[in-house]
Amino acid sequence: MPWPFRRWPSPSAEYQAYEDALARGERHANAWQYGWAGVYATTLAVNVYQASESDNRDTRYDARVGAVKSALALAGTLMDRQPHPAAYRELRTGDGNIESARRLLQAVAEEERQRRSLQARLGSLAVNTASGLLIGVGDGRGRDGAIHFATGMLVSELQLQTQPRQATVAINRFQPARLSLGDVHLEGEYALLVAPNQLGWRCGIELATRHPGAGAAGW
C-alpha cells in the first residue's frame, strides 16, 4: 500500500510555527530565569544564616563557601538572559518575511546549542572546583570537598539542561533533507512510520537539476 506524502508546509504556516515556537520559548525562558533565580536566592539566604548562626564549625565554613557560590550563580542567572524574549519581540515587529524569520530562528537555535556546549560548562566547573578545593584541601576535609564539588556540578548541569530549546525543535521540523549527486540535487523530507501493521520510512523528494554554467535562474 503506498504511503501518502503530505504537502510541504506553506511559508505562512512555517512562519506561524516559528512565531509559536518563540512565544513558547519566551514563556519557558522567563520561567527558567525566575525559577533558578529563586533557587539561588533561597540557598544564598540559607547559607548566610548558617554561616553566622550554626553551632558547628564545619557547617559555618561550608556555608560561607556556599554563600559565595550562590551569589555568583544568582548574579549570573539574572544577568545572562535567554535569547527567546528578544527574538520573539523582533519577529512580531518584523515585516513577516519568511527568510528573515528563518535566519532569526537559526540564530536562536545556534545560541541554544552554545548554551549546552562544553564551553558553557567551564564557568561552573571552575567555581565548583575552587569551592571543592577550599573545603577538601584548604579545610582538610577531602570527602566533604568531593561531595561539595559533585553536588555543585549536578545542579549546574540540571540548570543547563532545563534551558529552552524551542528554536532548535522548530528549525529541525522544517529543515529539509538534502542530497547532491553531481548536477542533480534532491531535497525532501523523511519520517519514521510506526503503526500496528507496518514499520518503515517515508520519504518525499523534490528534484532540481542545474545546467552547467547556469546561475540561480538555471534551477
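The working numbering applies: residue 146 is where the sequence shown begins, and numbers increase by one. C-beta atoms are modelled at their ideal positions from N, C-alpha and C, and glycine is treated no differently.
Exposed or buried, which one is residue i when buried takes at least 16 other CB atoms within 10 Å?
i           : result
residue 267 : exposed
residue 313 : buried
residue 397 : The structure shown has nothing for residue 397, since the chain only spans 146 to 364.
residue 311 : buried
residue 242 : exposed
residue 253 : buried
residue 271 : exposed
residue 339 : Note that residue 339 scores a pLDDT of 44, beneath 50, so its modelled location is shaky and nothing firm can be said.
residue 236 : buried
Starting from the Cα of residue i, find the closest Cα among the options and give me that residue.
i           : options               : result
residue 220 : 257, 235 and 189      : 189
residue 278 : 265, 306, 316 and 295 : 295
residue 300 : 167, 282, 269 and 317 : 269
residue 186 : 262, 318 and 216      : 216
residue 258 : 271, 173, 309 and 318 : 309
Going by DSSP in three states, residue i sits in which element: helix, strand or coil?
i           : result
residue 273 : helix
residue 317 : helix
residue 183 : helix
residue 309 : coil
residue 284 : coil
residue 261 : coil
residue 225 : coil
Would you report the Cα separation of residue i and residue j, rounded to the nearest angstrom?
i           : j           : result
residue 218 : residue 180 : 13 Å
residue 158 : residue 251 : 17 Å
residue 307 : residue 273 : 19 Å
residue 315 : residue 195 : 46 Å
residue 175 : residue 297 : 23 Å
residue 255 : residue 285 : 43 Å
residue 207 : residue 193 : 10 Å
residue 156 : residue 231 : 22 Å
residue 182 : residue 222 : 6 Å
residue 245 : residue 305 : 28 Å
residue 173 : residue 280 : 36 Å
residue 248 : residue 191 : 44 Å
residue 276 : residue 263 : 20 Å
residue 168 : residue 233 : 6 Å
residue 261 : residue 197 : 37 Å
Inspect the CB distances between the stretch 223–230 and the stretch 196–213 and report whether three or more fall short of 8 Å. The stretch 223–230 makes no contact with the stretch 196–213; the number of CB pairs closer than 8 Å stays below 3.
Is the stretch 283–301 close to the stretch 190–208, with three or more CB pairs under 8 Å? Under the three-pair Cβ rule at 8 Å, the stretch 283–301 counts as touching the stretch 190–208.
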